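Asker: In the UniProt record's numbering, the protein residues as written are 1 to 494. Even glycine gets a Cβ: it sits at the ideal position worked out from N, Cα and C. Since this is a predicted model, take the numbers as computed values, not measurements.
1) Taking residue 334 as the reference, give the member of 221, 270, 449 and 28 with the closest Cα.
2) By the 10 Å Cβ neighbour count, where 16 or more other Cβ atoms means buried, how is residue 183 classified, buried or exposed?
3) Can you tell which of 332, 489 and 474 has its C-alpha closest to the C-alpha of residue 415?
4) What distance in whole Å lies between the Cβ atoms of residue 271 and residue 469, which are believed to be in contact at a cut-off of 8 Å?
5) Please check the pair residue 210 and residue 225, which I expect to be a contact at CB under 8 Å, by giving their CB distance rounded to whole angstroms.
6) Grouping DSSP H, G and I as helix and E and B as strand, with all else coil, what is residue 111?
7) Are there three or more Cβ pairs, one per stretch, closer than 8 Å when the region 146-153 is compared with the region 87-105?
8) Taking the CB atoms as reference points, tell me whether residue 71 and residue 63 lie closer together than 7 Å.
9) Whose C-alpha, out of 443, 430 and 284, is nearest the C-alpha of residue 475?
10) Is it the case that the region 390-403 contacts the region 412-428, given that we only count it when at least three CB pairs across the two stretches are under 8 Å?
11) When you compare the region 294-313 with the region 479-488, are there three or more beta-carbon pairs, one atom per stretch, that lie closer than 8 Å?
12) Rank 379, 433 and 235 by C-alpha distance to the C-alpha of residue 38 and give the top, closest one.
13) Does the Cβ-Cβ distance between residue 351 and residue 343 come in under 7 Å?
14) With residue 498 and residue 81 assumed to form a contact (beta carbons below 8 Å), what rounded beta-carbon distance in angstroms separates them?
15) Give me the DSSP bridge partner(s) of residue 331.
16) Is it buried or exposed for residue 297, if we count other Cβ within 10 angstroms and need 16 for buried?
17) Flag this pair as yes or no: are the beta carbons of residue 194 and residue 28 separated by less than 7 Å?
18) Quick check: the region 55-62 against the region 128-143, are at least 3 beta-carbon pairs closer than 8 Å?
19) Pull up the DSSP beta-bridge partners for residue 307, would you.
20) Using the three-state DSSP reduction, which class does residue 219 fall into: helix, strand or coil?
21) Give every residue of the same chain whose Cβ lies closer than 7 Å to the Cβ of residue 427, excluding the five residues on either side of it in the sequence, and list them in chain order.
22) Would you kindly report the start and end of the unbroken beta strand (DSSP E) that includes residue 60?
23) Quick one: Cα of residue 179 to Cα of residue 170, how far?
24) Taking the C-alpha atoms as reference points, what is the distance between residue 301 and residue 323?
25) To the nearest angstrom, how far is it from the Cα of residue 173 to the Cα of residue 111?
26) Quick check: residue 36 and residue 213, are their CB atoms within less than 7 Å of each other?
27) Buried or exposed: which applies to residue 116, given that a residue is buried once 16 or more other Cβ atoms fall within 10 Å of its Cβ?
28) Does residue 483 come out as helix, strand or coil in the three-state DSSP assignment?
29) On the three-state DSSP scale, how would you describe residue 288?
30) Out of curiosity, what's the CA-to-CA distance linking residue 329 and residue 202?
31) Between which two residues does the beta strand (DSSP E) containing residue 29 stretch?
32) What is the residue span of the alpha helix (DSSP H) that residue 128 lies within?
33) Would you mind stating whether residue 277 and residue 253 have Cβ atoms separated by less than 7 Å?
34) How would you write the range of the alpha helix (DSSP H) that residue 384 sits in, first residue to last?
35) For my contact list, residue 282 and residue 34 are in at a C-beta cut-off of 8 Å; report their separation, rounded to the angstrom.
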């Protein structure tokens, strides 16, 4: 067992009458990665905020290196060597790498002026220590998200961090960049830094963590060495019941609903050909930058295509925009909920119907009774958990926000439905519900395209898997031939 760095006992936090953490214990050793998992609403965010000094626990104790730890502010946590790195990075894009690393504690010379030479030397020392190959003088805004994460970690090390809290660090990374991040985590472990690792991706827990703690409804339901458990144990602790593996049954398929013939979009993809039948789920797999999302956007009329042909139920068509695509029965649920979907400060009711208000009009007037009836039906069908349909959608969990967007897509009565990263950022319970929903739509005869960076998701849902690489379809794999190995080989090997 590693030397104990952090010990938290019986942590409790309450907001009004709502108890969000109830007697939670957590310990982290030097050089240990301790993962925390749980569904949305399990208490992970509150625990992170307590560790980072944003919230103060209403009960319980914390010790760091055996000394009592009282954190009244984020600065107090930093002063004690505890650094939280959030999903939303806190870097200043117009400042250089070195300026971001030392922002707030710039090295000064004898006159109290910024010592740029010393700052650059210390930056290079830090980057060398972490084996990070980035030019200290480059503005952070020019770096990839993966590189920016590394700068956040280097920034933490610059203040002599003893413990890092990594909140969903792989959420926007492809497989190669995840490998790079995990290599860095291993180097931090070797230097004795304790790491709290938050992730929805259970396979990552078994790859990088030494121990794992599971939270459910604000309580700790289990802690174990990762080597002693499997995914079924984790899922059962997260959802409160035994995990039942699900295998999609073969479905009857109808006529060809959508067909692409040598479709190209300059600079994005070229000569893409495939078809999707009514009642079929076709998965689009590939690494980031392979062109999957761009193909989806071209189908939906968001991105123009420069050559080739698209047919909807046998009729050649070319959409001038999303409105034309919707009128032909095509719906698109984007991976970027904020940019393409959500109206964050508007009620759930409006978010669920905004794209298809014509369905609820009569004699030119919006029939609120029809609209509300539709929203109530979607809330029940998709098990959307919310206080009321008038609640702002930004107050809902990621999984429930995604369900609202799925309900919105149904308002147009689509015959072809494209899901781009349908479960990104949602918990395991919401994932299973979304999978069930997608499968039920296929059983009802909807033609479905699923784009996902999660291999398990693609393999579970798809009747066929199309693998894209470099803007082209590199392979087409029927269900019986689609394995993690065959998909990755097609996605990454020339």
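Answerer: Let's see:
1) Taking the first residue of the chain shown as position 1, residue 334 is located at position 334. Residue 449 is the option with its Cα nearest to residue 334.
2) The residue labelled residue 183 in the question sits at position 183 within the chain shown. That one is exposed.
3) Start at 1 with the first residue of the chain shown, and residue 415 comes out as number 415. For the residues 332, 489 and 474, the minimum Cα distance to residue 415 belongs to 332.
4) The sequence position of residue 469 within the chain shown is 469, counting from 1. The sequence position of residue 271 within the chain shown is 271, counting from 1. Residue 469 to residue 271, Cβ: 13 Å. No contact.
5) Numbered from 1 along the chain shown, position 210 holds the residue referred to as residue 210. Numbered from 1 along the chain shown, position 225 holds the residue referred to as residue 225. Their Cβ separation, rounded to whole angstroms, is 7 Å, which keeps residue 210 and residue 225 in contact under 8 Å.
6) Taking the chain shown and counting its residues from 1, one reaches residue 111 at position 111. In this structure, residue 111 counts as coil in the three-state DSSP scheme.
7) Note that the region 146-153 touches the region 87-105; at least 3 beta-carbon pairs, one per stretch, sit closer than 8 Å.
8) Within the chain shown, the letter at position 71 stands for residue 71. Within the chain shown, the letter at position 63 stands for residue 63. In this structure, residue 63 does not lie closer than 7 Å to residue 71 by Cβ.
9) Taking the chain shown and counting its residues from 1, the one referred to as residue 475 is at position 475. Nearest option by C-alpha distance: 284.
10) yes
11) The region 294-313 makes no contact with the region 479-488, as fewer than three CB pairs between them are under 8 Å.
12) One-based indexing of the chain shown puts residue 38 at position 38. Taking only the C-alpha atoms, the option nearest residue 38 is 235.
13) Stepping through the chain shown from its first residue, residue 351 is reached at position 351. Stepping through the chain shown from its first residue, residue 343 is reached at position 343. Going by C-beta atoms, residue 351 is nearer than 7 Å to residue 343.
14) Nothing can be reported for residue 498, as the shown portion of the chain is limited to 1 through 494.
15) As a first step, residue 331 is located in the chain shown; it is residue number 331 there, counting from the start. 417.
16) Position 297 of the chain shown, counting from 1, holds the residue named residue 297. Buried: at least 16 other Cβ atoms inside 10 Å.
17) Here residue 194 refers to the residue found at position 194 of the chain shown. Here residue 28 refers to the residue found at position 28 of the chain shown. Going by C-beta atoms, residue 194 is nearer than 7 Å to residue 28.
18) no
19) Within the chain shown, numbered from 1, the residue matching residue 307 stands at position 307. Bridge partners of residue 307: 264.
20) In the chain shown, residue 219 corresponds to position 219, counting from 1. In the structure shown, residue 219 sits in a strand (DSSP, three-state: E or B).
21) The residue you call residue 427 lines up with position 427 of the chain shown. Closer than 7 Å at the Cβ level, and outside the excluded window around residue 427, lie 39, 40, 200 and 399.
22) Along the chain shown, read from residue 1 onward, the residue named residue 60 stands at position 60. Unbroken beta strand (DSSP E) run through residue 60: 59-64.
23) Within the chain shown, residue 179 is the residue found at index 179, counting from 1. Within the chain shown, residue 170 is the residue found at index 170, counting from 1. Whole-angstrom Cα-Cα distance: 10 Å.
24) Stepping through the chain shown from its first residue, residue 301 is reached at position 301. Stepping through the chain shown from its first residue, residue 323 is reached at position 323. Here the alpha carbon of residue 301 sits roughly 8 Å from the alpha carbon of residue 323.
25) The residue labelled residue 173 in the question sits at position 173 within the chain shown. The residue labelled residue 111 in the question sits at position 111 within the chain shown. Roughly 43 Å between the two C-alpha positions.
26) One-based indexing of the chain shown puts residue 36 at position 36. One-based indexing of the chain shown puts residue 213 at position 213. It is a contact, given that the beta carbons lie within the stated cut-off.
27) Taking the first residue of the chain shown as position 1, residue 116 is located at position 116. Exposed.
28) Translated into positions along the chain shown, residue 483 becomes position 483. Reduced to three states, the DSSP call for residue 483 is coil.
29) On the chain shown, residue 288 is found 288 positions in, with the first residue counted as 1. The answer is coil: DSSP assigns residue 288 none of H, G, I, E or B.
30) On the chain shown, position 329 is the one that residue 329 refers to. On the chain shown, position 202 is the one that residue 202 refers to. C-alpha separation (whole angstroms): 36 Å.
31) Here residue 29 is taken as the residue at index 29 of the chain shown, counted from 1. Where residue 29 is concerned, the enclosing beta strand (DSSP E) stretches over 18-29.
32) Against the chain shown, residue 128 aligns to sequence position 128. DSSP places residue 128 inside the alpha helix (DSSP H), whose first and last residues are 116-129.
33) Here residue 277 corresponds to residue number 277 of the chain shown, with the count starting at 1. Here residue 253 corresponds to residue number 253 of the chain shown, with the count starting at 1. Contact flag set, yes.
34) Counting from one through the chain shown, the residue named residue 384 turns up at place 384. Premise fails: residue 384 is in no alpha helix (DSSP H) and is neither H nor E.
35) What you label residue 282 is simply residue 282 of the chain shown in a count that begins at 1. What you label residue 34 is simply residue 34 of the chain shown in a count that begins at 1. Not quite, the Cβ-Cβ distance comes to about 39 Å (not below 8 Å), so this is no contact.
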